[in-house]
Amino acid sequence: MESDLDHFYLSQPEPNKSCLLALRSIILRQDEHITETKKYGMPCFCYKKKMFAYLWIDKKTTEPYILLVEGKLLDHPDLEAGNRARMKIFRVKPNEDLPLDTITDILNMALDLIRKSK
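Just so you know, we're using my numbering here: the sequence shown kicks off at 91 and counts up by one.
This is the structure in structure tokens:
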């Protein structure tokens with residue numbers, strides 16, 4: 091039976107579906123303590139039950155992005171704050187190769203914030 095989370099991914103049109111599934115895999119393999127749930131209708135990733143990232147699709151561009159909950163505390167040139175006070179996003183081009191090193195660096199920066207706060 092298809093879970094609510096699986097339905098989110100599988101209902102996306104290509105190339106977003108493949109891109110989001112790849113991002114999901116990348117996020118989950120960063121640490122054994124990362125779990126996935128669904129909040130506000132989107133996939134949410136938690137580290138030891140503390141939310142740190144979401145996956146979503148930009149309504150204007152229809153392209154995926156990673157939303158980092160404590161993004162305001164992260165200093166990376168590829169993160170955008172926009173008009174968000176707390177969060178920042180990392181945009182992904184679904185028709186291009188994923189910048190794996192950049193994604194991994196950003197995710198580890200976000201995870202390090204949580205690890206150091208414990």
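For glycine and all other residues, C-beta sits at the position ideal for the given N, C-alpha and C.
Secondary structure of residue i, DSSP reduced to three states
i	result
Arg114	helix
Arg119	coil
Lys149	coil
Asp165	coil
Ile101	In the sequence as displayed, the identity of residue 101 is Ser instead of Ile. Of the three classes helix, strand and coil, the one that applies to Ser101 here is coil, per DSSP.
Asp96	helix
Asn185	coil
Distance, residue j Cα to residue i Cα
i	j	result
Asp195	Ile117	11 Å
His97	Leu111	12 Å
Thr125	Tyr99	16 Å
Leu277	Ala143	No statement about residue 277 is possible, as the shown extent of the chain runs from 91 to 208 and does not include it.
Ser101	Asp165	33 Å
Lys138	Asn173	28 Å
Thr192	Pro154	15 Å
Lys128	Asp148	17 Å
Ser93	Tyr130	16 Å
Asp168	Ala200	14 Å
Trp146	Leu163	20 Å
DSSP bridge partner residues for residue i (one or two, in chain order)
i	result
Ala143	Phe135, Leu158
Ile196	For Ile196, which the question treats as bridged, DSSP gives no partner whatsoever.
Ile179	Leu157, Glu170
Ile124	Tyr137
Lys129	Met132
Residue j beta carbon less than 8 Å from that of residue i
i	j	result
Pro189	Cys109	no
Ile204	Lys140	yes
Gly161	Arg181	no
Arg114	Pro133	yes
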